[in-house]
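Asker: Protein chains in written order, with my numbering: chain F, 1 to 115; chain E, 1 to 112.
Handing you this structure, nothing more for now.
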Amino acid sequence: DTAVSQTPKYLVTQMGNDKSIKCEQNLGHDTMYWYKQDSKKFLKIMFSYNNKELIINETVPNRFSPKSPDKAHLNLHINSLELGDSAVYFCASSQDHLGQLGGYTFGSGTRLTVV
Amino acid sequence: GESVGLHLPTLSVQEGDNSIINCAYSNSASDYFIWYKQESGKGPQFIIDIRSNMDKRQGQRVTVLLNKTVKHLSLQIAATQPGDSAVYFCAETGGATNKLIFGTGTLLAVQP
Numbered sequence: 001d002t003a004v005s006q007t008p009k010y011l012v013t014q015m016g017n018d019k020s021i022k023c024e025q026n027l028g029h030d031t032m033y034w035y036k037q038d039s040k041k042f043l044k045i046m047f048s049y050n051n052k053e054l055i056i057n058e059t060v061p062n063r064f065s066p067k068s069p070d071k072a073h074l075n076l077h078i079n080s081l082e083l084g085d086s087a088v089y090f091c092a093s094s095q096d097h098l099g100q101l102g103g104y105t106f107g108s109g110t111r112l113t114v115v
Numbered sequence: 001g002e003s004v005g006l007h008l009p010t011l012s013v014q015e016g017d018n019s020i021i022n023c024a025y026s027n028s029a030s031d032y033f034i035w036y037k038q039e040s041g042k043g044p045q046f047i048i049d050i051r052s053n054m055d056k057r058q059g060q061r062v063t064v065l066l067n068k069t070v071k072h073l074s075l076q077i078a079a080t081q082p083g084d085s086a087v088y089f090c091a092e093t094g095g096a097t098n099k100l101i102f103g104t105g106t107l108l109a110v111q112p
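As structure tokens, then:
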């Protein structure tokens with residue numbers, strides 16, 4: 001059983017399109033996150049939800065909108081995709097919102113390529 | 001950890017040797033630290049953690065050392081194996097922040 005699963009694994013799309021990435025965790029964790037990893041492997045947090053409530057919203061363009069229908073799911077919708085959005089997006093979850101009970105569990109990533 | 005230019009710092013070691021990967025963290029208020037391993041095409045995987053009330057913690061073949069005075073964290077891997085080849089990240093959290101901040105990764109390349 002995959003603990004944190006995200007789909008799709010690869011996404012190639014044209015500039016200006018709207019796309020979504022889905023994430024589900026079966027760990028019973030309260031908090032979920034979206035991270036972006038750039039071409040230099042730098043990992044930066046984008047959003048965090050705790051029990052469906054947004055608790056972290058970094059300086060991210062408002063073309064990015066997270067949605068959490070329940071605490072096991074956190075989806076990421078991106079409008080009007082730009083070339084600079086190309087990256088690997090990771091979903092993660094943690095037992096609590098501080099992440100200090102064993103850190104975060106990450107999904108395997110979604111490689112987004114905007115052409 | 002600040003980025004060190006355009007290239008990922010790389011540590012190349014011989015199979016069987018011990019590896020030491022270093023990390024300088026940024027927030028003196030951070031009180032919880034984690035090392036992650038990221039293999040190609042996969043997400044970061046938890047290796048070992050340490051709280052600020054400790055200066056050393058050991059796991060299976062891995063040891064994490066914390067020096068709060070100079071805000072330095074290191075990961076020691078004993079008897080490095082080819083399967084240890086990956087990018088390693090330190091991460092910190094605590095203080096006024098409730099998010100995990102990652103440092104610049106280090107690429108560990110194990111030569112057979």
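C-beta: ideal position from N, C-alpha, C; glycine also.
(1) By how many angstroms is the C-alpha of residue 97(E) removed from the C-alpha of residue 59(E)?
(2) Could you check if residue 73(E) is buried or exposed, using at least 16 other CB atoms within 10 Å of its CB as the buried criterion?
(3) What residues from chain F crowd round residue 99(E), counting only those whose CB sits closer than 7 Å?
(4) If you drop the 5 nearest sequence neighbours on each side, which residues of the same chain put their C-beta closer than 7 Å to that of residue 24(F)?
(5) Go through its chain and collect everything with a Cβ distance to residue 76(E)'s Cβ below 6 Å, but skip five positions before and after it.
(6) Would you kindly work out how many angstroms separate the C-alpha atoms of residue 68(E) and residue 28(E), rounded to a whole number?
(7) Would you call residue 41(E) buried or exposed, if buried means 16 or more other Cβ atoms sit within 10 Å of its Cβ?
(8) Taking 9 Å as the CB-CB limit, is residue 11(F) close to chain E?
(9) Taking residue 61(E) as the reference, which of 110(E), 18(E), 112(E), 14(E) has the closest Cα?
(10) With a cut-off of 8 Å on the beta carbons, I'd call residue 92(F) and residue 32(F) a contact; round off their distance for me.
(11) The beta strand (DSSP E) spanning residue 41(E) covers which residue range?
(12) Please list the terminal residues of the continuous beta strand (DSSP E) segment that includes residue 73(F).
(13) Any residues in the region 71-105 of chain E with a beta carbon nearer than 8 Å to a beta carbon of chain F? Which ones, in chain order?
(14) Report the three-state DSSP secondary structure of residue 94(E) (helix, strand or coil).
Answerer: From the atom records:
(1) 27 Å
(2) buried
(3) 45, 48, 56
(4) 5, 72, 73
(5) 20, 63
(6) 8 Å
(7) exposed
(8) no
(9) 18(E)
(10) 7 Å
(11) No beta strand (DSSP E) contains residue 41(E), which DSSP labels as neither H nor E.
(12) 73-78
(13) 87, 89, 91, 93, 94, 98, 99, 100, 101, 102, 104, 105
(14) strand
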